[in-house]
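Notes follow once the structure below has been shown.
2 protein chains.
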Amino acid sequence: MPDGYKAPVPTLERLATYLTVLTGFKSKGVDTVSSIDIEQHAGVNAAQVRKDLSLFGGFGKTGVGYNVTALHEHISKILKLEHTQRVLLVGAGNLGSALAGYPALRTENFKIVAVFDNNPRKIGAEIWGISIKDIASLVDENRSLGAKIGIIAVPASWAQQTAERLVEAGVLNILNFAPVVLRLPEGVTVRNVDFVQELAVLSYHIRSESEPG
Amino acid sequence: MPDGYKAPVPTLERLATYLTVLTGFKSKGVDTVSSIDIEQHAGVNAAQVRKDLSLFGGFGKTGVGYNVTALHEHISKILKLEHTQRVLLVGAGNLGSALAGYPALRTENFKIVAVFDNNPRKIGAEIWGISIKDIASLVDENRSLGAKIGIIAVPASWAQQTAERLVEAGVLNILNFAPVVLRLPEGVTVRNVDFVQELAVLSYHIRSESEPG
DNA sequence: TAGATTGTTAATCGATTAACAATC
DNA sequence: TAGATTGTTAATCGATTAACAATC
Chain W
1 MPDGYKAPVP
11 TLERLATYLT
21 VLTGFKSKGV
31 DTVSSIDIEQ
41 HAGVNAAQVR
51 KDLSLFGGFG
61 KTGVGYNVTA
71 LHEHISKILK
81 LEHTQRVLLV
91 GAGNLGSALA
101 GYPALRTENF
111 KIVAVFDNNP
121 RKIGAEIWGI
131 SIKDIASLVD
141 ENRSLGAKIG
151 IIAVPASWAQ
161 QTAERLVEAG
171 VLNILNFAPV
181 VLRLPEGVTV
191 RNVDFVQELA
201 VLSYHIRSES
211 EPG
Chain F
1001 MPDGYKAPVP
1011 TLERLATYLT
1021 VLTGFKSKGV
1031 DTVSSIDIEQ
1041 HAGVNAAQVR
1051 KDLSLFGGFG
1061 KTGVGYNVTA
1071 LHEHISKILK
1081 LEHTQRVLLV
1091 GAGNLGSALA
1101 GYPALRTENF
1111 KIVAVFDNNP
1121 RKIGAEIWGI
1131 SIKDIASLVD
1141 ENRSLGAKIG
1151 IIAVPASWAQ
1161 QTAERLVEAG
1171 VLNILNFAPV
1181 VLRLPEGVTV
1191 RNVDFVQELA
1201 VLSYHIRSES
1211 EPG
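In structure tokens, the structure reads:
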């Protein structure tokens, strides 16, 4: 891994999946797995698994496989998840509230450290033990919080300015739930989650009754 | 488009984005757009836009561009969204409730026609005007509803059996929010949305203070 | 007509998979 | 040792981008 090396995004997505799968193996007390075991649980071709892992170093033992605990640790480090990762959440509506209370985040070492909204009736209230703050205070608040990841769960029409404020606060990694293409400076990483898009792709695949399997 | 032709998934994902963008153009009263206009709003290379669209037919006019309304209609038809698409939602927890009330679904012609849960304290209650039904009745209920798309918003440990029940009910297109790889028969289309995975990919991209832009 | 922009072909790029020597 | 499985190279596959003739 040379200095500025960035792994392919598909590889990173799979690494995250391997991590979840390894957490499962750990809790079952399994201590060694082969790439084929991972294939079975992660739904990823065994050759692909080995290729992905070998990009970051030889974590396995020829003829034996991978040590579950060690591999879990290695991947955690690659994804910078060996320590808790602080996250800002903007938008305390239905979706934002659901995300704030999503238990899997905590399990995988993410922690939502602040929730912001611009609705005066929400500011000051609490969700899941976190008090909702005014969006206007976001930049200021993050000076002490130092979060590097932000989630946008605001209406589409507010997403762009929310993103800009996050960037201003030094949050250069953004998970965007609004169906809008954000225009942000170089060096900002954005991942979009678009429910409508997902359903649309499924809709395309609907077969009429007469179609063969 | 030959009979059993299936477009590449990346193309379908982009088509859904074009649809959203075109809805925007329509509401602004724009009536013609070029592939470069779409590039600017959808964040997709203009050549890619033309390639995607030409897979389904020549919707544009050389030297002129694409008629907004006509293109919107064409894409709607391709994605089977020209009429309302019925959707079953399983899981009436925080995430499920947020999805049930998600306004963009309605805008883009999706309608959640039933919500299921296995918690006796929830069954019979209502969310967003839809009454929550027992999961045990899913197959039976869908005989009259005839939905072809289902959303899984249950805990990971319930996801597999939920998926199997959906398939039994003839719902072969599944949007899965549980961080589990579903094992289902051939011919079932699954799309996974994994918040933790998304955040993990972002986490990888975090730069340390000293790193150059 | 001159300018603009499509649809499509060809070139490039990148990701996935298969195969196998190395080796535990 | 014999069997298993890695790490890696080479082959395949597919997706993206550039370029341009056709043409409105």
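Going line by line, the protein sequences match chains W and F.
Take the first sequence: its position 175, counting from 1, is numbered 175 in the working numbering, and each next residue is one higher.
Take any residue in the second sequence, count from 1 to its spot, add 1000: that is its number in the working numbering.
Just so it is clear, CB atoms sit at the ideal spot from N, CA and C, and this is done for glycine as well.
Excluding sequence positions up to five before and after Val139/W, its CB lies within less than 7 Å of the CB of Arg165, Glu168, Ala169, all in the same chain and listed in chain order.
At a cut-off of 8 Å between beta-carbon atoms, Tyr204/W makes contact with chain F. Residues of the segment 141 to 163 of chain W whose Cβ lies closer than 7 Å to any Cβ of chain F, in chain order: Lys148, Ile149. Ranked by Cα distance from Thr1032/F, the options Leu1053/F, Ala1163/F, Asn1119/F, Leu1071/F are led by Leu1071/F.
Contact annotation for Lys80/W against chain F: Ser1203, Tyr1204, Ile1206 [CB-CB distance below 7 Å, chain order].
Within 10 angstroms of the beta-carbon of Gly1187/F lie fewer than 16 other beta-carbons, which makes it exposed. According to DSSP, Glu126/W shares a beta bridge with Ser131/W.
Ranked by Cα distance from Glu1082/F, the first of Arg1106/F, Ala1098/F, Gly1065/F, Val1090/F is Arg1106/F. Per DSSP, the unbroken alpha helix (DSSP H) holding Asp37/W starts and ends at 35 to 42. With respect to chain W, the C-beta atom of Pro1008/F has no partner C-beta closer than 8 Å. In this structure, the straight-line span from the alpha carbon of Gly1101/F to that of Pro155/W is close to 13 Å.
Sequence-distant partners of Val1021/F (beyond 5 residues in either direction) whose C-beta falls short of 8 Å from its own C-beta, in its chain, are Ile1038, His1041, Ala1042. Annotated as proximal: Tyr1204/F and Ile78/W, with beta-carbon spacing under 8 Å. Fully contained in the segment 1130 to 1196 of chain F are the following beta strand (DSSP E) runs of length 3 or more, in chain order: 1130 to 1134, 1149 to 1152, 1173 to 1176, 1189 to 1192. Runs of alpha helix (DSSP H) with 4 or more residues, each lying fully within the segment 1068 to 1103 of chain F, are found at 1068 to 1078, 1094 to 1100, listed in chain order. Going by DSSP, Ala114/W is part of the beta strand (DSSP E) stretching over 110 to 117. Note that the C-beta distance between Arg86/W and Val113/W is below 8 Å. Listed along chain F are Thr1020, Ala1104, each with a C-beta nearer than 7 Å to that of Pro179/W. Inclusion of Asn1118/F and Ile1135/F in the CB contact set at 8 Å is warranted, their separation being smaller than that value. In this structure, the beta-carbon distance from Ile1075/F to Tyr1018/F falls below 8 Å. Counting every other CB atom within 10 Å of its CB across the protein chains shown gives Lys1148/F a total of 16 or more, marking it as buried. At a cut-off of 8 Å between beta carbons, Gln1048/F makes no contact with chain W.
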